[in-house]
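Numbers given in the working numbering equal positions in the sequence shown, counted from 1, plus 78.
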Amino acid sequence: MGVFRGWQLLVLVLVFAAVVVAVGRWRGLLALAALGVAAWVLLAFVLPALVAGGPGLLVGVVGSSAIMFATLYFVHGPNLRTTAALVGTLCGILIMAGISLIAVQATRLSGVGDEASGQLAGLASQIDFRGLLSCAIIIAGLGVLNDVTITQASAVWELRAAAPAMSRREVYARAMRIGRDHIASTVYTVFFAYVGAAMSVLILLYLYDRPMLSLLTHEDIVTEIVRTLCGSVGLVLAVPITTWVAALLLPPADHRSALPDHRSALPDHRSALPDHRSALPDHRSALPDHRSALPE
Numbered sequence: 079m080g081v082f083r084g085w086q087l088l089v090l091v092l093v094f095a096a097v098v099v100a101v102g103r104w105r106g107l108l109a110l111a112a113l114g115v116a117a118w119v120l121l122a123f124v125l126p127a128l129v130a131g132g133p134g135l136l137v138g139v140v141g142s143s144a145i146m147f148a149t150l151y152f153v154h155g156p157n158l159r160t161t162a163a164l165v166g167t168l169c170g171i172l173i174m175a176g177i178s179l180i181a182v183q184a185t186r187l188s189g190v191g192d193e194a195s196g197q198l199a200g201l202a203s204q205i206d207f208r209g210l211l212s213c214a215i216i217i218a219g220l221g222v223l224n225d226v227t228i229t230q231a232s233a234v235w236e237l238r239a240a241a242p243a244m245s246r247r248e249v250y251a252r253a254m255r256i257g258r259d260h261i262a263s264t265v266y267t268v269f270f271a272y273v274g275a276a277m278s279v280l281i282l283l284y285l286y287d288r289p290m291l292s293l294l295t296h297e298d299i300v301t302e303i304v305r306t307l308c309g310s311v312g313l314v315l316a317v318p319i320t321t322w323v324a325a326l327l328l329p330p331a332d333h334r335s336a337l338p339d340h341r342s343a344l345p346d347h348r349s350a351l352p353d354h355r356s357a358l359p360d361h362r363s364a365l366p367d368h369r370s371a372l373p374e
């Protein structure tokens, strides 16, 4: 018999929400609301479509695009910066979808590599399990993909705000320097997230004491490798795409702000000239007042 853990989970959820709102304030509250919208899309569209036997890859692309469209504009507002991030996110979703489709077919994964998928195959055989795997790869990368694209779009806008005269090409080059640092940390994030999720499987295979190459025949391991690599490819390519789109959407460079104000650099020669009028004696005060000498 299972243990009821409702109160513990409720407390954990409340702590999470309180921390997000306390640190993020209004933006954190909007993020929680957007998370609710994402959960609604998953429950109302993605899961029913998959259970009905719909194409998992298409369901994943449509559902993920709807989630990102709603959450990005809801949290960050309808502006060019958000639009650039959305375009980069949608491109990343399409890249992950294409790479996962090719990888799943090339590695001949069945999508029924773990115990839960095996039970699901017995309950709902109409599900496209290969498509389900591709859908899972796309949805698993949404959070990090959103982080990458909105950060790059913000970097482009902040660079332009700091240097209005900077050309689009230079803004793109400088933003990509930021993006390369972000790529490194993102790859680590994705890798360790999947390793943590598959830790039990890794320990089990480690206890079998089998050669490393023989692990590549185990579908559980190959599935996690495919998930990691497909998600990472989409995330990495989303960085230059988002940066390029954001640079294109920037307003033209303001070259007037780069010109120095030469008028302020010129000395005021008028203030250096002596006032000769003040040096002249007032002869009127030296003349006697003859009017006072006349008898009345």
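The C-beta atom is built at its ideal place from N, Cα and C for all residues, glycine as well. The structure presented is a predicted model; accordingly, all values stated were derived computationally and were not measured.
- In its chain, beyond the 5 residues on either side, A331 have a beta carbon closer than 7 Å to the beta carbon of S245.
- Given a length threshold of 4 residues, each whole run of the alpha helix (DSSP H) inside the segment 122–207 is given here in chain order: 125–129, 134–154, 158–184, 193–201.
- In this structure, N224 and M146 form a Cβ contact; the two beta carbons are roughly 6 Å apart against a cut-off of 8 Å.
- A straight-line Cα-Cα distance of about 14 Å links L220 and L135.
- Shown here for Y151: same chain residues with a beta carbon closer than 7 Å to its own, the five before and five after excluded, namely T160 in chain order.
- By the criterion of a C-beta distance shorter than 7 Å, I217 is surrounded in its chain by G138, S142, once the five residues flanking it on both sides are discounted.
- According to the DSSP assignment, R288 belongs to no alpha helix (DSSP H), since it is labelled neither H nor E.
- With a 10 Å radius around the Cβ and a threshold of 16 neighbouring Cβ atoms, S178 comes out buried.
- In this chain, P329 is not harboured by any alpha helix (DSSP H), its DSSP state being neither H nor E.
- In the three-state reduction of the DSSP assignment, V81 falls in the coil class, being assigned neither a helical nor a strand state.
- By the Cβ neighbour-count rule, Y266 is exposed, with fewer than 16 other Cβ atoms within 10 Å of its own.
- Looking at R247, L237, L283, L172, the one whose alpha-carbon comes closest to that of I299 is L283.
- In this structure, DSSP gives P242 a state outside helix and strand, which the three-state scheme calls coil.
- The Cβ atoms of A325 and C169 lie no closer than 8 Å to each other.
- Inter-segment contact for the segment 108–125 and the segment 81–100 is present: three or more beta-carbon pairs are separated by less than 8 Å.
- For the set I261, L307, V165, the Cα lying nearest the Cα of Y272 is the one of L307.
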